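Shown next, in structure tokens, is the structure this report addresses.
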């Protein structure tokens with residue numbers, strides 16, 4: 003593989019949970035050295051669950067390829083260690099509560115006064131200032147507060163998106179902003195101070211429903227049915243597979259009548275010939291499509307629809323994703339040495355994917371090495387915090 | 003404002019709909035010159051709706067700050083025009099069906115043979131090859147096919163996420179990949195060929211439920227209720243506001259009993275003292291919280307919860323977003339000259355946001371200027387395609 007674009011870049015990150023770790027995991031994928039600064043208790047995402055070979059699914063997903071150093075920011079020596087690291091770093095990321103680092107003398111101004119080329123990125127819930135700045139801002143809270151839940155789910159009630167979509171989107175926005183700042187620094191030599199809030203990211207992604215509401219036509223929740231197109235619903239095959247079928251226009255309807263419904267005369271039937279009539283008579287349309295789909299197995303329905311170039315998809319569950327012919331996975335190694343298969347990073351560069359194999363660090367796995375490198379005294383982990391995995395030998399991270 | 007990081011970068015994009023336009027609108031925000039190549043009929047997203055001052059909400063949101071040139075890729079002269087542009091471009095983006103440009107002699111290999119520094123990015127539904135490569139891949143289809151819908155919504159049935167989240171996420175992934183390739187090119191002088199599929203992006207964002215399913219504990223759909231934490235639900239205030247309240251641990255429960263429920267003794271009541279018992283007795287917990295919230299207005303509930311540092315959020319609709327005290331907007335100008343307010347780009351750079359004002363191009367607004375610049379004959383728009391807005395004078399794009 004090629005040299006990575008971020009080889010030689012040092013990222014120091016005081017992070018926890020999802021948004022900042024997502025951002026820095028992408029920087030690590032691209033070749034940066036990422037030093038994750040953890041409290042003595044560790045990133046609390048380490049304890050979210052045990053779904054990834056006994057480790058937390060979130061933590062394994064978002065912390066592969068990083069180094070972990072335990073730092074107690076209430077201790078002078080450790081604050082000096084952090085400064086020694088940021089003095090040499092290219093990028094500093096943090097998603098603590100607004101004001102936390104400033105109170106310890108580690109605000110962006112202080113760091114950049116010592117290292118003007120440093121790119122600083124703060125990730126928050128509602129921004130650094132404003133009436134909600136101090137509110138807790140878990141992913142689901144911002145999903146609700148931004149209005150995303152109000153347009154997600156069935157007609158009965160609002161629902162959450164099944165993934166931490168606001169956290170992830172915020173991490174992706176931070177990643178892009180940092181990459182832009184690296185490009186700018188190549189020209190100017192100057193760092194940039196970046197602030198990103200989860201609320202702002204959610205609001206921006208909601209631009210389309212925002213505009214519809216501003217125009218007086220707010221979107222409705224319809225589950226998986228399209229409010230103004232028919233047929234556009236889920237139908238079940240004879241072998242029990244749910245298939246979403248989406249007819250886009252009258253031409254496609256005519257094809258569907260011929261190849262699936264076997265009622266070619268319905269193409270011109272005044273009850274169904276136009277998009278408007280098919281919505282008015284949706285119940286009859288759906289009943290006919292349901293009967294035709296129910297009479298065939300999934301492979302046959304797919305063959306017919308594919309041949310007619312009519313849009314469809316399976317309504318898969320997670321087992322369907324795991325078994326999907328288009329799924330690409332990457333292996334990640336847990337601190338205990340187990341290999342966990344994850345969906346691979348999406349981007350393919352010159353025919354190859356970036357992370358073929360990466361290690362997830364144990365809490366403090368790199369503490370001694372990093373303290374030696376940056377000149378601070380070794381940190382003794384309190385005995386109560388020590389876990390078997392922290393005694394593992396740090397291994398070289400295999401990143402292709 | 004500073005010089006932008008992508009000033010001087012030329013992006014040529016043969017794009018439609020959402021994913022690629024999202025990507026290139028971000029490159030434009032960062033200072034790139036983005037030339038959008040449209041068919042004589044135009045990007046069909048121009049006709050999705052009329053919610054943005056009579057223009058399409060999607061189109062206005064995702065095409066501000068670009069130039070539009072109409073090109074007929076079935077004509078030799080226009081294929082030469084595209085080559086003349088890509089010969090001078092830094093980035094080329096396309097989200098046509100796999101193979102479309104190759105069949106016209108405009109595949110990435112052909113373009114990069116002429117311009118080895120060109121960064122090419124193809125966005126597809128399921129990738130360039132594989133059994134599903136030719137399937138239609140609208141956002142909702144990939145939401146369903148990837149399994150995202152299966153974990154979104156209430157218990158009754160799967161639901162769509164209320165925004166085109168897979169399209170948007172794919173555009174964001176393409177943006178980051180292109181920025182990485184620009185950084186790499188600064189070192190090597192070489193371009194990169196990038197391929198990104200919507201399915202791969204959705205799969206990667208589904209890593210956590212993927213791991214849970216692989217571990218035999220697939221996630222359940224619970225609407226806005228948390229399956230294993232209580233209280234964690236929506237409650238209605240005396241003035242009719244829905245508030246999501248999330249108690250994280252026994253300490254917070256004790257505080258809630260004191261300040262909101264006014265039953266301090268419940269902190270140690272064996273029915274409720276532990277997280278497990280509160281889930282077992284969820285109905286009683288929720289009834290008590292509901293009664294306490296119902297007896298107060300939203301401001302009072304917020305004051306109490308904020309004082310106790312207990313997590314909560316409003317369950318807002320789009321009008322709630324529009325009126326939100328933390329909403330920042332940017333103005334975008336439609337081809338007809340109307341100003342439309344949109345949620346602003348999230349990232350704040352050195353205290354300022356990027357796009358304070360940008361124009362959305364009419365179809366072919368820059369055709370003549372671009373044809374003159376790149377040496378092709380002017381394109382005469384067929385009379386049937388001409389709309390009033392295409393006769394507007396091209397104006398300088400105001401990008402701060």
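Protein chains in written order, with the numbering used here: chain E, 3 to 402; chain W, 3 to 402. All C-beta atoms in this analysis are idealised placements derived from N, C-alpha and C, irrespective of residue type, glycine included. Small disclaimer: the values here were computed from a predicted structure and weren't measured.
Listed by chain order, chain B residues near residue i by CB distance under 8 Å
i                   : result
residue 7 (chain W) : The structure shown contains no chain B; its protein chains are E and W.
Span of the beta strand (DSSP E) around residue i
i                     : result
residue 372 (chain E) : It is not in any beta strand (DSSP E) - residue 372 (chain E) instead sits in the alpha helix (DSSP H) that spans 369-376.
residue 280 (chain E) : Run containing residue 280 (chain E): none in the beta strand (DSSP E); it sits in the alpha helix (DSSP H), 277-282.
residue 335 (chain E) : 331-335
residue 321 (chain W) : Counting along the chain, residue 321 (chain W) falls outside any beta strand (DSSP E), though it belongs to the alpha helix (DSSP H) covering 320-324.
residue 69 (chain W)  : 69-72
residue 58 (chain W)  : It is not in any beta strand (DSSP E) - residue 58 (chain W) carries neither H nor E in the DSSP assignment.
residue 40 (chain E)  : 35-40
residue 195 (chain W) : 195-199
residue 230 (chain W) : Note, residue 230 (chain W): premise wrong, no beta strand (DSSP E); not H, not E.
residue 126 (chain W) : 121-126
As assigned by DSSP and simplified to three states, the class of residue i
i                     : result
residue 359 (chain E) : strand
residue 394 (chain E) : Note that residue 394 (chain E) scores a pLDDT of 35, beneath 50, so its modelled location is shaky; the value from the coordinates is reported in the next line. Note: residue 394 (chain E) maps to coil in three-state DSSP.
residue 400 (chain W) : Model confidence at residue 400 (chain W) stands at a pLDDT of 31, short of 50, so the residue's coordinates are unreliable; what they give is reported in the following sentence. Note: residue 400 (chain W) maps to coil in three-state DSSP.
residue 16 (chain W)  : strand
residue 410 (chain E) : Here chain E has residues from 3 to 402 only, and residue 410 (chain E) is not among them.
residue 386 (chain E) : Any reading at residue 386 (chain E) must be qualified, since the residue scores a pLDDT of 43, below 50, and its modelled position is unreliable; the value itself is stated next. Here residue 386 (chain E) sits in helix by DSSP.
residue 1 (chain W)   : Here chain W comprises residues numbered 3 to 402, so residue 1 (chain W) is not present and cannot be evaluated.
residue 52 (chain W)  : coil
residue 11 (chain W)  : coil
residue 224 (chain W) : coil
residue 81 (chain E)  : helix
residue 206 (chain E) : helix
residue 112 (chain E) : helix
residue 157 (chain W) : coil
residue 3 (chain E)   : Only weak support exists for where residue 3 (chain E) lies, its pLDDT of 45 falling under 50; the coordinates are left without a value.
Limits of the unbroken alpha helix (DSSP H) element including residue i
i                     : result
residue 150 (chain E) : Premise fails: residue 150 (chain E) is in no alpha helix (DSSP H) and is neither H nor E.
residue 29 (chain E)  : 21-31
residue 345 (chain E) : Segment 341-345 is the beta strand (DSSP E) holding residue 345 (chain E); no alpha helix (DSSP H) there.
residue 167 (chain W) : 167-190
residue 253 (chain E) : 252-258
residue 309 (chain E) : 300-310
Whole-Å CB distance - residue i paired with residue j, under 8 Å assumed
i                     : j                     : result
residue 66 (chain W)  : residue 257 (chain W) : 46 Å between Cβ atoms; not a contact.
residue 13 (chain E)  : residue 91 (chain E)  : 7 Å
residue 191 (chain W) : residue 120 (chain W) : Contact doesn't hold; Cβ gap of about 11 Å is too wide.
residue 198 (chain E) : residue 175 (chain E) : 6 Å
residue 31 (chain E)  : residue 195 (chain W) : In fact, because the Cβ distance is near 18 Å, the residues do not count as touching under 8 Å.
residue 147 (chain E) : residue 239 (chain E) : The Cβ separation is near 40 Å, so there is no contact.
residue 343 (chain W) : residue 331 (chain W) : 4 Å
residue 237 (chain E) : residue 291 (chain E) : 6 Å
residue 333 (chain E) : residue 359 (chain E) : 5 Å
Which listed residue (the options) has its alpha carbon closest to that of residue i
i                     : options                    : result
residue 141 (chain E) : W:246, W:371, W:293, W:260 : W:246
residue 207 (chain W) : E:102, E:173, E:350        : E:173
residue 244 (chain E) : W:265, W:160, W:184        : W:160
residue 363 (chain W) : W:339, W:351, W:284, W:343 : W:339
residue 64 (chain W)  : W:36, W:42, W:80, W:89     : W:36
residue 151 (chain E) : W:347, W:225, W:43         : W:225
residue 365 (chain E) : E:40, E:259, E:20          : E:40
residue 118 (chain W) : W:343, W:335, W:89         : W:89
residue 370 (chain E) : E:52, E:80, E:6, E:202     : E:80
residue 310 (chain W) : W:129, W:248, W:135        : W:248
residue 345 (chain E) : W:215, W:87, W:6, W:19     : W:215
residue 221 (chain W) : E:9, E:368, E:166          : E:166
residue 328 (chain E) : E:335, E:313, E:348, E:337 : E:348
residue 234 (chain E) : E:287, E:201, E:204        : E:287
residue 271 (chain W) : W:261, W:375, W:252, W:262 : W:252
With 9 Å as the limit, tell me which residues of the stretch 131-148 of chain W have their beta carbon closer than that to any beta carbon of chain E; keep them in chain order. 132, 133, 134, 135, 136, 137, 138, 139, 140, 142, 143, 144, 145, 146, 147, 148
Residues in the stretch 322-341 of chain W with C-beta within 8 Å of chain E's C-beta atoms, listed in sequence order? 322, 323, 324, 326, 327, 328, 329, 330
Select from the stretch 201-216 of chain W all residues with a C-beta closer than 8 Å to any C-beta belonging to chain E, and list them in chain order. 201, 202, 203, 205, 206, 207, 208, 209, 210, 211, 212, 213, 214, 215, 216
Closer than 9 Å, Cβ to Cβ, to anything on chain W: give me those residues from the stretch 160-179 of chain E, in chain order. 160, 161, 162, 163, 164, 165, 166, 167, 170, 171, 172, 174, 175, 176, 177, 178, 179
Closer than 8 Å, Cβ to any Cβ of chain W: which residues of the stretch 25-42 of chain E, in chain order? 28, 32
Cβ-based contacts, 7 Å cut-off: residues of the stretch 55-75 of chain E near chain W: 59, 60, 63
Going along the chain, which residues of the stretch 283-297 of chain W sit with their C-beta nearer than 7 Å to a C-beta in chain E? none
Residues, ordered as in the chain, of the stretch 73-95 of chain W that lie near chain E by beta-carbon distance below 9 Å: none
Under 8 Å (Cβ pairs) to chain E, residues found in the stretch 338-369 of chain W: 342, 343, 344, 345, 346, 347, 348, 349, 350, 351, 352, 353
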